[in-house]
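Asker: Heads up: the sequence lines are chains A and B, in that order.
Position in the first sequence (from 1) plus 344 gives the number in the working numbering.
Position in the second sequence (from 1) plus 778 gives the number in the working numbering.
Cβ atoms here follow ideal geometry from the backbone N, Cα and C, with glycine treated the same way.
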Amino acid sequence: MSCFRLENVSYRYDKALVLNGIDLRLEPGEILGLFGHNGAGKTTSIKLILGLMTPTQGRVSVLDGAAGDPHVSQHIGYLPENVMFYPQLTGREILNHFARLKGASLKQVPELLEQVGLDDAMNARVKTYSKGMRQRLGLAQALLGKPKLLMLDEPTVGLDPVATADLYRLLRKLRDEGTGIVLCSHVLPGVEPYIDRAAILTDGALKAVGDLVSLRRQANMPVTLSIEPANGSSALEKAIEASSAGNGLMIKKDNGRLQVDVRPSEKMALIQDLLSSGEVQDLGIHQPTLEDVYVHFIGSGGLAHRGGAQ
Amino acid sequence: MNSIWTIARKELSDSLRNRWLIAIALVFAVLALGIAWFGAAASGQVGYASTPATIASLASLGIFLIPLIALLLAYDAIVGEEEGGTLLLLMTYPLSRGQLLFGKFLGHGLTLAFATLIGFGVAGIAIAVLVEDVAIGALAAAMFRFIVSTILLGWGFIALAYMISVRVSEKPVAAGLALGVWFFFVLVFDLMLLGILVASEGKLSPELLPWLLMLNPTDIYRLLNIVAFGEGAQLSGVLSLGTDLPIGPAGMWFALVLWFVIPLTGAWALFRRRRI
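1) Look at the Cβ atom of B:Ala904, then the Cβ atom of B:Leu917, and state whether they are nearer than 8 Å.
2) Please list, in chain order, the residues of the region 864-876 of chain B that have any C-beta partner in chain A closer than 7 Å.
3) Which residues in the same chain as B:Ala1033 place their Cβ atom closer than 6 Å to its Cβ, once the five residues preceding and following it in sequence are excluded?
4) Tell me the start and end of each unbroken alpha helix (DSSP H) in the region 559-599 of chain A that is at least 4 residues and wholly inside, in chain order.
5) For the region 443-460 of chain A, enumerate the residues whose C-beta is nearer than 9 Å to any C-beta of chain B, in chain order.
6) Please say whether A:Gly395 and A:Asn352 have beta carbons closer to each other than 8 Å?
7) Ignore the nearest five residues each way along the sequence and tell me which others in B:Ala837's own chain have a CB closer than 6 Å to its CB.
8) Counting only Cβ-Cβ distances shorter than 9 Å, please list the residues of the region 424-441 of chain A near chain B, keeping chain order.
9) How would you call B:Phe962, buried or exposed, if buried means at least 16 neighbouring beta carbons within 10 angstroms?
10) Does the region 362-377 of chain A come into contact with the region 542-557 of chain A, if we say contact requires no fewer than three beta-carbon pairs (one atom in each stretch) closer than 8 Å?
11) How is A:Gly646 classed by DSSP in three states: helix, strand or coil?
12) Take the Cβ of B:Met869 as the centre, count every other Cβ of all protein chains shown within 10 Å, and call the residue buried at 16 or more, exposed below.
13) Closer than 7 Å by beta-carbon distance: list the chain B residues that pair up with A:Gln418, in chain order.
14) Can you name the start and end residues of the beta strand (DSSP E) that B:Ser828 belongs to?
15) Chain B beta carbons: is any one of them nearer than 8 Å to that of A:Ile571?
16) Just to confirm the assignment, what range does the beta strand (DSSP E) spanning A:Met495 have?
17) Suppose you measure from the CA of B:Leu1017 to the CA of B:Ile1025; what does that come to, to the nearest Å?
18) Would you be able to state if there are at least three C-beta pairs under 8 Å between the region 423-432 of chain A and the region 882-892 of chain B?
19) Given a cut-off of 8 Å on the beta-carbon distance, is the pair A:Gly435 and A:Gly548 in contact?
20) For B:Ala807, which option in B:Ala913, B:Asp792, B:Gly899, B:Ala891 has the closest C-alpha, if you only look at C-alpha atoms?
21) If contact means a Cβ-Cβ distance below 9 Å, which residues of the region 385-396 of chain A contact chain B?
22) Excluding five sequence neighbours on each side, which residues of the same chain lie with their C-beta closer than 8 Å to the C-beta of A:Val501?
23) Compare the beta carbon distance of B:Thr928 and B:Leu790 with 8 Å and say whether it is the shorter of the two.
24) Listing by chain order, which chain A residues have their CB less than 9 Å from the CB of B:Gly862?
25) Quick one: does A:Pro414 have its CB under 8 Å from some CB of chain B?
26) Taking 8 Å as the threshold (C-beta atoms), are A:Leu618 and A:Ala574 in contact?
27) Against chain A, with Cβ distances strictly below 8 Å, would B:Ile1054 count as a contact?
28) Taking all protein chains shown into account, do 16 or more other C-beta atoms lie within 10 angstroms of the C-beta of A:Tyr357, making it buried, or fewer, making it exposed?
29) Using a Cβ cut-off of 8 Å (strictly closer), state whether B:Arg795 contacts chain A.
30) Assign B:Asp1022 to one of three DSSP states: helix, strand, or coil.
31) If you follow the alpha helix (DSSP H) that B:Phe922 is part of, which residue opens it and which one closes it?
32) Taking CB distances under 8 Å as the criterion, tell me whether B:Lys981 reaches chain A.
33) DSSP state of A:Tyr538, grouped into three classes?
34) Roughly how many angstroms lie between the CA atoms of B:Phe1049 and B:Gly858, to the nearest whole one?
35) Which runs of the alpha helix (DSSP H) at least 4 residues long sit entirely within the region 407-443 of chain A? Give them in chain order.
36) Excluding the five sequence neighbours on either side, which residues of its own chain have a C-beta within less than 8 Å of the C-beta of B:Ile914, listed in chain order?
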C-alpha cells in the first residue's frame, strides 16, 4: 500500500497550468520533503492528495483509495500553513471537536496536548495563544486518530529551536512506526537531516526527486575540499595542479587554507594524489547541502544556458 | 449523521457561549409581553386586549425582527469559516460539504427554535397566568401556531443567508447582501405587489394575484397567524389578497416549509460548486 500515488497529474486553474505531468509517490515509513518556490504547485499538490480538488488530468490514489473519500480522509493528518482555529474556544474544546469529526477517541486529546507541550494551556481560549502555541495545537490536530499519512505545511513556523527539535524527533518516531510523512518547508537546512527523499517543484513541474545522494548526483555539483597545507600553500597548489592535469580547478585561499571545488567523479582521485604528495596537513570535505542542490534545480529553470546543459 | 450532529452541537454551544440564544429569547419575551399589555394603548386602554389582536400585532412586528435575527445568526456560516481559516481544514476531515452545511443548519435552526420557544413560551405562560379571563385553550393554540410558524420563518431566512454565505468570499459582502434580502422581503416586496396591483388596473388575472403572496415567506407567515382566527380577522394592505387564496392553512404551512427546504437545497448545490 502506498501512502499516495500521483500518476501524470496535471491541474489547470482557469486557463493557467498549475501542475504539469507530476509523477510522485510516497511509501509508508518515509519522510518526503516537498520543496519549491512560492507558486510552484506545492499547495496544489497537497490539495489534490487531500481530495479538495480533482486533477484535470492523471490519476491520484491515496492509501489505496480515492482522494477525498471519507474512509481515506480519516487516516490523513494535515497541518495547513498558518493554521487557524476558533478563537473563542479552548485548545481542548477544539481538539475534542476535531476528534469527533475524525471519529477518533476523545481519550487521545489530553495525551496529544501533552505531547505537543500544551497541557498547561489547554483550558485557555485560543485567542490568547501565541503563534507557536497555535502551531502546536495544529500539530496535535494533525496527529488525531493516528494517521497513516501526515502532511505538514511549514510545521516549524513560530516554533522555538527546542520545540522544532522535539517536532522532528516526533516525526522520526512516527516514521519508524510506519507513517508516511510529507514535509513542506522553506527552512531547508532544518529539514535536511530528517527527510528520506526530496521532491523539487518549479512552475508546476517536478524538477527532481530522490534522496540527497541521488539528487547530488543528478545535479553533478562540485564538492568543496578544504585543505590545510603542510609545507606552504604554493607547494600545495602545485600538487593540485599536477593532479588535475590542467583541468583548471577553482582554488580559493581562506585563512591559510585552500578551498578547492572538484567534480564528484574526480574527488577520490584528487584526494589520493594529494595524500600521497605529502602536502596535506588536514582535509575537510563539504558536500553540497540540500539548499545548494535546491538552488541548483530552481535556478536552472530560469537560466537558459544552464538549462540547456542538463 | 454523526458529523452533522458534531457540527450542529458546536454551533449550538457557540450560541450559548456568546449569549445569542438567551438574548434572542429575552427580546422575544419582552416583545410579546410588551405587545400583550400595551398593544391596545392606541385605543386608549392599557391591558390585555384579545388573543387575536395580540397575535396579529406580534406577527406584524415579527416579520421585521425574525428575518433579521435569522440572517444575522447565519450569514457568516460558511464565509466566516473560510475567513477564519478553518474551512480548508474542515474539508480535509471525513466530512462532506453537505454534512457541514446541514450540520450548521441544524445548529442555527435549533438555536432559533429554542430561543423562540423559550421567549414566546414564557410570554404565553405569563399571559395565561396574569390575565384573568383569557381563554387558555385558544391562547395555547394561537401561541403554538405562532411559535411554530415563527420557527419556520426563521429557518427560511437562515437558509437564504446560507445561499449568500456559500457564494461570497468576504464577510462584509455577505452581511450587506443579507441586509438586502431582508430589505427586499420585509419592505420592498409588498410595496412592489401593491404597485403592480394598482398599475395593472385590474387587467391581471385575479386568480394569479393571490399566489404572488406565496413568493414572500413573511406574507405567508402573517396570513397564517391572522387568517387562522377566521372571519372578522383584519387583513390590511396586500394581505387582503390572501382571502382569495384557494389554499387553506395546510397549503400555507406547506409553502412555509418549502421556503426553507428550497433555499437550503439551493445553498447546498451552490456550496458543492464552490472552490476551496
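Answerer: On the basis of the supplied data:
1) no
2) Thr864, Leu866, Leu867, Met869, Thr870, Tyr871, Pro872, Leu873
3) Met992, Ile998
4) 577-588
5) Arg444, Leu445, Lys446, Gly447
6) no
7) Arg1000, Asn1003
8) Pro424, Asn426, Val427, Met428, Phe429, Tyr430, Pro431, Gln432, Leu433, Glu437, His441
9) exposed
10) yes
11) Unreliable placement is indicated for A:Gly646, whose pLDDT of 48 sits below 50; no coordinate value is reported for it.
12) buried
13) Pro872
14) Premise fails: B:Ser828 is in no beta strand (DSSP E) and is neither H nor E.
15) no
16) 493-497
17) 14 Å
18) no
19) no
20) B:Gly899
21) Lys391, Leu394, Gly395, Leu396
22) Glu425, Asn426, Lys475, Gln479
23) no
24) Met428, Phe429, Tyr430, Pro431
25) yes
26) no
27) yes
28) exposed
29) yes
30) helix
31) 914-943
32) no
33) coil
34) 14 Å
35) 414-417
36) Ala906
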